[in-house]
Amino acid sequence: RGVMFDMPETDSSFIVDIGGGSAEWIFCRNSSPVGMGTIPTGVVKLFDNHIKSDPPSKADILSLRREAGIIINRLKTQIGHLIDKDTVLIGTAGTITTLASIDIRLESYGHEKIHRHNISLEKLYDISGRLISIPLSERKKMIGLEPERADLIIPGILFTINIMELFGFTNILVSDDGLLEGSLIKLSERV
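Counting from 1, position 78 in the sequence shown corresponds to residue 79 in our numbering; the numbering is continuous, with no gaps.
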């Protein structure tokens, strides 16, 4: 409810929330959930399992992408038949909103600038190349990237890219709304 509240109307949407220990997904038809589930990994697990050097080595990146690819391929086997060329990929929560902030080069966070921002896969390739090539100390100074997210943004962006590549998405639409907004909407409907 929160994510879909003021998103453009679509016949189908695939919502992803990449967290620290897991990632949640919801597939909607006409803004109503048809399927949902959890991907049993997140950015903290991916970072701990794969990022061993600073900046990350080619081997670090390849092993992270390999694990993410295996996990996402399992999800694709499960729900890939639901997703077509008209399905809109919507990302919510910290990883995705941080990527939007980096893309826009926000000096300070602004909901109205982040919410409904569209990021292309090509832009994510560019951002990931920059993030991977510099050490943590430099990433912490990057415009749009909160210093406390500078380590976990690498598994976050690579996981996002893997989802987009494996499902065939060329863009991701950012929602800065989520559980809190959904709860408020539900409460307002009761009143």
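Positions of the beta carbon are idealized from the N, C-alpha and C atoms, including for glycine.
In this text the structure is predicted, and so the values were computed from the model without any measurement.
Neighbourhood of M37 by C-beta distance below 6 angstroms, restricted to the same chain and skipping five residues each side | Looking up residue 37 in the sequence shown gives position 36. Closer than 6 angstroms at Cβ, skipping near neighbours: I27.
To the nearest angstrom, how far is it from the Cα of T42 to the Cα of E108?
-> If you number the sequence shown from 1, residue 42 lands on position 41. If you number the sequence shown from 1, residue 108 lands on position 107. About 30 angstroms.
Distance, F160 Cα to L125 Cα = Here the question's residue 125 lines up with position 124 in the sequence shown. Here the question's residue 160 lines up with position 159 in the sequence shown. Cα to Cα, L125 sits roughly 11 angstroms from F160.
Best match in D61, A24, E123 and S33 for proximity to E166 [C-alpha to C-alpha] = Locating residue 166 in the sequence shown gives position 165, where the first residue counts as 1. Residue E123 is the option with its Cα nearest to E166.
Hey, how far is the Cα of D85 from the Cα of N74?
-> By one-based count along the sequence shown, residue 85 stands at place 84. By one-based count along the sequence shown, residue 74 stands at place 73. If you take the alpha carbons of D85 and N74, they lie about 16 angstroms apart.
First and last residue of the uninterrupted alpha helix (DSSP H) at G157 | Working through the sequence shown from its first residue, we reach residue 157 at position 156. Residues I154 to F168.
Spatial distance of L181 from R140 (CA atoms) = Position 180 of the sequence shown, counted from the start, is the residue given in the question as residue 181. Position 139 of the sequence shown, counted from the start, is the residue given in the question as residue 140. Here the model assigns L181 a pLDDT of 48, short of 50, so the residue's position is not dependable and the matter cannot be decided.
If you count every other CB in all the chains shown that lies within 10 Å of the CB of L63, and 16 or more means buried, which is it?
-> Translated into positions along the sequence shown, residue 63 becomes position 62. Exposed, because fewer than 16 other Cβ atoms sit within 10 Å of the Cβ of L63.
Contact test: I158 Cβ vs the ligand SAH heavy atom, cutoff 8 angstroms | Absence of the ligand SAH from the depicted structure is noted, as is the absence of any ligand whatsoever, leaving it without description.
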